[in-house]
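Everything on this sheet refers to the single structure shown next.
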Amino acid sequence: MTIIGEKNIKELIGEVVSDKMDQTCVVLVKSVKMHPIYKKRFVVRKKYFAHNAENKAQVGNTVKIRLVKPISKMKKWNIIEVL
Numbered sequence: 001m002t003i004i005g006e007k008n009i010k011e012l013i014g015e016v017v018s019d020k021m022d023q024t025c026v027v028l029v030k031s032v033k034m035h036p037i038y039k040k041r042f043v044v045r046k047k048y049f050a051h052n053a054e055n056k057a058q059v060g061n062t063v064k065i066r067l068v069k070p071i072s073k074m075k076k077w078n079i080i081e082v083l
């Protein structure tokens, strides 16, 4: 059984920590997880390389990124909008 028209689109919100490369930004995404036994919450941080086609995102901006087909070895995310 196939559902037509429904896609599993992955989007994340993070902060730009580096924009020194041409058309590429490093986006830091933070998420809160809970330890399964001790029930303590902790912050998990992950950096993603995102395609910044028009170089509109600057360091410190909050951006929304979307998973796309691989653009290069490290870039698999695209910046949709600057929040």
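Note that the working numbering gives residue 34 to position 34 of the sequence shown, counting from 1, and the numbers run on in steps of one. We put the beta carbon where it would ideally sit given N, CA and C, even for glycine.
task: Determine the direct distance from the alpha carbon of R66 to that of I9, and round the result to whole angstroms.
output: Counting from one through the sequence shown, the residue named residue 9 turns up at place 9. Counting from one through the sequence shown, the residue named residue 66 turns up at place 66. Cα to Cα, the separation comes out at about 7 Å.
message: Among K40, K33 and D19, whose alpha-carbon lies nearest the alpha-carbon of K56?
response: To locate residue 56, count along the sequence shown from 1; it is residue 56. Of the candidates K40, K33 and D19, the one whose C-alpha sits nearest the C-alpha of K56 is D19.
- request: Compare the beta carbon distance of H51 and I80 with 8 Å and say whether it is the shorter of the two.
  value: By one-based count along the sequence shown, residue 51 stands at place 51. By one-based count along the sequence shown, residue 80 stands at place 80. Taking 8 Å as the Cβ cut-off, H51 and I80 do not qualify as a contacting pair.
field: Three-state secondary structure assigned by DSSP to M1
entry: Sequence index remark: in the sequence shown, residue 1 carries index 1 (1-based). Because the pLDDT of M1 is 47, which lies under 50, any placement of that residue in the model is unreliable, and the number read from its coordinates should be weighed accordingly. Assigned with DSSP and collapsed to three states, M1 falls in coil, not helix or strand.
- prompt: Can you give the Cα-Cα distance for Y38 and R45, rounded to whole angstroms?
  reply: Position 38 of the sequence shown, counting from 1, holds the residue named residue 38. Position 45 of the sequence shown, counting from 1, holds the residue named residue 45. About 20 Å.
message: Buried or exposed, going by whether 16 or more other CB atoms sit within 10 Å of the CB of T2?
response: For the purposes of this step, residue 2 is taken as residue 2 along the sequence shown, with counting starting at 1. The predicted model places T2 with a pLDDT of 48, which falls under 50 and marks its position as unreliable; any figure quoted below should be read in that light. Note on T2: under 16 other CB atoms within 10 angstroms of its CB, so exposed under the neighbour-count rule.
field: E11 in three-state terms, based on DSSP
entry: Residue 11 sits at position 11 when you count from the first residue of the sequence shown. Here E11 sits in strand by DSSP.
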